[in-house]
Structure formats: structure tokens, C-alpha cells
Amino acid sequence: MPKTLTFDGPVILGAGLAGLTAALAAKTALVLSPTPLATGCSSAWAQGGLAAALAGDDTPSLHAADTIAAGAGLCDGEAVALLTREGPAAVRALAALGAPFDRKADGDFVLSLEAAHSKARVARVGGDGAGAAIMAAVITTVRATPTIEIRENARARRLLQDETGRVVGVLAEIDGELVEIHSHAVVLATGGVGGLYAVTTTPTQVRGEGLGLAALAGAEIADPEFVQFHPTAIDIGRDPAPLATEALRGEGSILRNTDGRAFMADYHPAKELAPRDVVARAIHAERAAGRGAFLDATTAVGGHFPREFPAVFEACQSAGIDPRREMIPVVPAVHYHMGGVATDLDGRASLPGLYAAGECASTGVQGANRLASNSLLEAAVFGARAGRAAAAAAEGETGDEPVSLAPLPDLPNEAFQALRKAMSRDAGVIRDATGLARLLEEIAALEAAHGPCPSLVAARLIVDAALARQESRGGHYRADFPEKAAPVRTFVTLDPVQAGLRHAAE
Ligand SMILES: Cc1cc2nc3c(=O)[nH]c(=O)nc-3n(C[C@H](O)[C@H](O)[C@H](O)COP(=O)(O)OP(=O)(O)OC[C@H]3O[C@@H](n4cnc5c(N)ncnc54)[C@H](O)[C@@H]3O)c2cc1C
């Protein structure tokens, strides 16, 4: 029998920017993090910063229009309006916690221009160090808040539900021991799905577990097929792959193949500044044709590299590459998940007692393709909203005793690595029915051998929806259906009984 404890406030699963912002907004909260704070989350690795209409010549409605254009027909207009309206206050709130944003002499934010933004609106820190600096400030505040309890080495293994399906807590593994934590509100803030792929820029701990846990509990999932690939991860055999920020192309760096030929003109008139998904497919095509792909920053950045892009410079140096003089080998890598647990604008999922925020949620704000630097903003804005709503619910609503169940199975490492390779091969930048069907067979074999592991369930959700979406839109490209069809979002609910029994029946 697992140990039982009752927490009188929301339990928050995950300690990235969404989870910690939710905790601060809830005021009283218990946060579970599988790793020490500031590690194991994408938030601390973010390079560019947060997009918000902070400049005198910018407005939330211009920011909203850019977000909707990038979202390729699937953004929820109300969610986008809210994100862009609350954006400037969210950035100022992080600055007030001590996030050391770059400032001009008059105190205004230094704002970078990023791809597909019509204005310079990305608040940054020390060039490419936004995530680490923002998280350091937030973590200091959280640690200084006595009503927020943090458990490190604590991972959610199953959502607890009462007879009616209401979420009434979580079964967690804390320091290797199972603990039933009873609470009237659980906030999922478990991040994206990058770890499900062999080539990713995100920490491998971020592997769709929250998505799988929610789906197995019967929560509605939205748009799982929409995965964003960053075109230029650095291909030096590291797992996860370090990122060569888009700003390098903004500065004029050129994409070349092994022969030194600049190839982007073959794919799009905007060349290196074409939309992220177009650049990712071009790099994928050059590599698949055996020509290779490299980012040449020797002229555009040259000697300024170590000062302007210290994180990228360090990654190159670790592999013996000097980007001031040599081309950087690049590969498209999973970077962001637009889909997630379907929520309303206060983070409420379809199951009572369950909330979700940040990358693991889908409010519809990111559509079929996220606009650069909108995701830290999403984590801050919707994390705070979910935290407040969950705190109110934890005070007012009650459920019954949970139905006691064992933890969900874990995918053994060898099987997990096989899944990652198969996902990168068949559910990557370019997809088709043959590859997706082959991948579904492999997932079914893993389910038969290992049962309904949350990360396996997350992979199935992505692949099932990718196979069903017979069109190309945003981050989802089907070689066999290259055109757009009607703009319809995906909403799916697993039958939890079926999902659990699939293993038993086979
Ligand atoms: C290299 C890189 C650069 C980026 N640059 C930018 C940028 O400049 N601007 C921008 O807006 N976005 C950027 N992004 C995207 C952005 O960082 C993320 O979308 C955002 O930080 C997500 O925040 P989150 O809190 O939802 O998730 P995360 O920060 O990923 O946190 C998820 C948390 O959940 C935990 N967790 C996972 N599973 C479990 C479980 N079973 N139980 C309990 N906890 C669990 C994780 O360990 C982690 O603590 C970048 C991403 C990467 C990888």
C-alpha cells in the first residue's frame, strides 16, 4: 500500500515556467519535479525570450495577428487575444521577480525581431540566455515562499480519480517510494513531447508523460499531431541536440550543403528567413539526398560569435567546431508541441479537478504552428490563470475517495530508445501513410509487451492523429497529402478502459 498524504491546495506536476508560475499564482501549492529545480525542463534552456507588445509602436492586436498568421488557420482567436493582451503585464511581472531583461539606457526593454513577427517584440536576457535567467529569478521567489512546497525527485505515475472520474490527486514516485497525494485540484505542467523523439532540442525528461496520464484518465486531448521542428539543431551526436538559434539566420548566416552551395533559394523566395517549417523540410531534403546541411555564420557573425551567441559558441566548441571559421552541421529536431491537454482559458481540462498549463496544454493559442517566443509567454500567462483557478477549486470543491490503482507501467529504456528512433523516422518533418502505419504497428507491439505506459500513449496519440489528418498544415506535413484541407482542429478522448485493456486482451 502506498503512503497517503492530503494536500490542502493544488498539486502541480512539473517545475518549468508554467508549473512555477501556477504555484506562485495559487499561493499555496505542492510542486513535484522529477529532477532538481532548473534542470529537466525546456524553460531553463530557452534562448530567445518572451514575445509581448512592449514597444511604443506595437500593440496586442498586431501581436495577435502575427500569432494567428503563424498558426495556419487553427488558432483559437479568444485565446490569442487573451495571451497577447496579458503579455506585457506577464513580462513586467517576471521582471519584478528579478528576471534581468536586457534594458536600454532609458530603462525600456531591448526587444529582438524574430521570424514572422512584424515588430521587434522579444524581451531577451544576455543575448541567448533568457530561459536560465528567468527561471533563476522565479525559483528564488518560489523557494522564498513558505506556502509553496517543492518535492524534487518526484514524478507523477498516475492521476487519482474517484468513482465519477473526478481527479482527486496523484500517485507519485518520490525518492523511489510510491505516495498517494490527495488534493482537490491537480495542475499538469509537464511540458512537451521532445523526449519521445531521437532528435530533439528538449530535455529527455520531457516525454509526453503528462499528456499520456491525462489521456489515460479520460481527459480530452487537442491537436496532438502538431509538432514543431526547429530547423537548425547542431548535429554533433549529442542527445538532446543543442540549438543554433534562429537569430543566427536573422543576422545573415547562410544554409549550405557539403559542396558549399547555398540551397535555400531552391525552396523558398525568402531563403534562410522562410517560415520555420519550410526551412526544416529543406534541410531534411538536403540531408536525405546525401548532400548534408550546414549553417555558415563565418561572414555574418564571424569574430562576434562568442560575445553574441555564447551558448551556441560553447556547444560548437564542445565538438571541436569553431563557428567563426567553420560551418556548423545542422539537423531538424523536435522543439515544441502545439497540441496537448485541451483546456479552457483558465486551464480547466475536460475532467473536473484537472488543470493544465504551458506546453502540455492546448488552449488553441499556438494553432498548427507556434510563433517564435510565444511559448514562454504562454507558460507565464496561462500558468498564472491555471494556478488561480486551481486554488479557488481546491478551496471550494470536493471529490470522493480515490479508487486505488497501481502506478501505470514504465517503458523500459531499450524499448523507449527504439520508440524514439521510430518516431524520428516516421512521425518527423515529412510524414506519409506508409511510414505512419508502420510506426503504429511498432507502437502496438510495444503496448502489447509493456502495457499502457504514458509516454507510449502520448506517442500513439500523435501518430493516430497524424495518420488521420490527410492534409499538410503548419508543423504537420504529409508527402502524400501536400495541400491544405478544411481548417479543423483535432479533439480526441481515449476510452480509459479500452486503453488499459488493450494490453490485457492481447
Ligand atoms: C532549446 C530550447 C530553446 C527554446 N527557446 C524558446 C524561446 O526563446 N522562447 C520561447 O517562448 N520558447 C522557447 N522554447 C520553448 C519553451 O522553452 C517551452 O515551450 C516552455 O519553456 C515550456 O514550459 P513548461 O513549463 O510548459 O514546460 P517545461 O519547462 O518543459 O517543464 C516541464 C516540467 O515537467 C516535468 N515533468 C515531466 N514529466 C513529469 C511527470 N511525470 N511528473 C512530474 N513532472 C514531470 C519536467 O521535468 C519539467 O520540470 C525553447 C525550447 C527549447 C528546448
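For the sequence shown, position 33 matches number 466 in my numbering, and the numbering has no gaps at all.
Note that CB positions come from ideal geometry on N, CA and C, so glycine has one too.
Can you list, in chain order, the residues of its chain whose CB lies under 6 Å from that of residue i, leaving out five sequence neighbours each side?
i: F463; result: Before going further, note that residue 463 is Leu rather than Phe in the sequence given. Answer for L463: F440, V444, E582, listed in chain order.
i: S795; result: A655, D656, G772, G773, A775
i: E653; result: A775, S783, F924, T926
i: Q903; result: F914
i: G627; result: T633, T635, V639, V767
i: P756; result: A730, F738, C749
Using only alpha-carbon positions, find the residue among the options that is nearest to residue i.
i: L457; options: T580, A726, L487; result: T580
i: L470; options: P845, S476, A448; result: A448
i: H663; options: T691, V632, G643; result: V632
i: G723; options: D692, A707, Q750, A752; result: D692
i: A503; options: N690, A548, H615; result: A548
i: G531; options: P739, T574, A451; result: T574
i: C793; options: V639, L900, A733, A553; result: V639
i: P762; options: A569, E719, D490, A826; result: E719
i: A484; options: A703, A892, A523; result: A523
i: Q661; options: C886, G908, R671, L810; result: G908
i: G598; options: A647, R709, L810; result: A647
i: I572; options: L778, G452, R781; result: G452
i: R584; options: Q750, T468, A819, D779; result: T468
i: K552; options: D509, L495, C508; result: L495
i: R525; options: A570, E847, G861; result: A570
i: S857; options: L838, G829, M760, V896; result: V896
i: A577; options: V734, D535, T461; result: T461
i: L894; options: H770, S808, F815, E811; result: H770
i: R781; options: Q480, M760, G816; result: G816
Using the beta-carbon count (16 or more within 10 Å), is residue i buried or exposed?
i: N802; result: buried
i: G482; result: buried
i: A529; result: exposed
i: T678; result: buried
i: P845; result: exposed
i: P521; result: buried
i: E747; result: exposed
i: T437; result: exposed
i: M434; result: exposed
i: H737; result: exposed
i: L546; result: exposed
i: Q850; result: exposed
i: A682; result: Rather than Ala, the amino acid found at residue 682 in this sequence is Arg. With 16 or more Cβ atoms within 10 Å of its Cβ, R682 is classed as buried.
i: E642; result: buried
i: L838; result: exposed
i: R709; result: buried
i: S475; result: buried
Starting from the C-beta of residue i, find all residues in its chain whose C-beta is less than 8 Å away, skip the five residues before and the five after it, and write them out in chain order.
i: D608; result: N586, A587
i: L889; result: G645, L844, L852, I876, L879, E880, H883
i: N690; result: F696, E719, R724, G725, A726, F727
i: P842; result: H883, G884, P885, C886
i: D928; result: G651
i: T517; result: A485, A486, P493, S494, H496, A497, T500
Counting only the same chain and skipping the five closest in sequence on each side, list residues whose C-beta sits under 7 Å from that of residue i.
i: D865; result: R911, A912, D913
i: D859; result: G868, L869, R871, L872
i: S905; result: R911, F914, P915, E916, K917
i: D595; result: V601, G832, D833, E834, P835, V836
i: G694; result: Note that residue 694 is Arg in the sequence shown here, rather than Gly. Taken in chain order, the list of residues that qualify is empty.
i: A618; result: P443, G786, Y788, A823, A826, A827
i: V711; result: Y700, H701
i: I416; result: In the structure as shown, the chain begins at 434 and stops at 939. Residue 416 is therefore absent and cannot be evaluated.
i: A605; result: L465, A587, R588, A589, R590, V612, I614
i: P920; result: G506, L507
With residue i and residue j assumed to form a contact (beta carbons below 8 Å), what rounded beta-carbon distance in angstroms separates them?
i: L450; j: A813; result: 6 Å
i: A666; j: P765; result: 7 Å
i: L527; j: L787; result: About 26 Å separates the two Cβ atoms, so there is no contact after all.
i: G624; j: G800; result: That belief does not hold up - the Cβ atoms of G624 and G800 are roughly 19 Å apart, past 8 Å.
i: R554; j: V543; result: About 11 Å separates the two Cβ atoms, so there is no contact after all.
i: R758; j: A459; result: Contact flag wrong, Cβ pair sits at about 51 Å.
i: G564; j: W478; result: 5 Å
i: P673; j: T732; result: Contact flag wrong, Cβ pair sits at about 29 Å.
i: L629; j: A901; result: That belief does not hold up - the Cβ atoms of L629 and A901 are roughly 18 Å apart, past 8 Å.
i: V620; j: E684; result: That pair is no contact at about 39 Å.
i: R818; j: L778; result: 7 Å
i: D535; j: V745; result: Going by Cβ atoms, the distance from D535 to V745 rounds to 17 Å, so no, they are not a contact pair.
i: V798; j: D491; result: No, V798 and D491 are not in contact; Cβ-Cβ is about 18 Å, not under 8 Å.
I'd like to confirm something about residue i: is its beta-carbon nearer than 7 Å to some heavy atom of ligand 3, or not?
i: C474; result: No copy of ligand 3 appears in this structure; the ligands present are ligand 1.
Ordered list of beta strand (DSSP E) runs contained in the segment 688–729, each at least 3 residues: 727–729
Within the segment 750–789, note down every full beta strand (DSSP E) run reaching 3 residues or more, in order along the chain. 761–770, 773–775, 787–789
What are the uninterrupted segments assigned as alpha helix (DSSP H) that are 4 or more residues long and contained completely in the segment 622–665, given in chain order? Within the segment 622–665, complete alpha helix (DSSP H) segments of at least 4 residues are found at 642–650, given in chain order.
Start-end ranges of the beta strand (DSSP E) lying completely within the segment 563–604, minimum 3 residues: 581–585, 587–594
Start-end ranges of the beta strand (DSSP E) lying completely within the segment 457–499, minimum 3 residues: With a minimum length of 3 residues, the continuous beta strand (DSSP E) runs that stay inside the segment 457–499 are 462–466.
Hey, which unbroken runs of the alpha helix (DSSP H) at 4 residues or more fall wholly within the segment 876–911? 887–901
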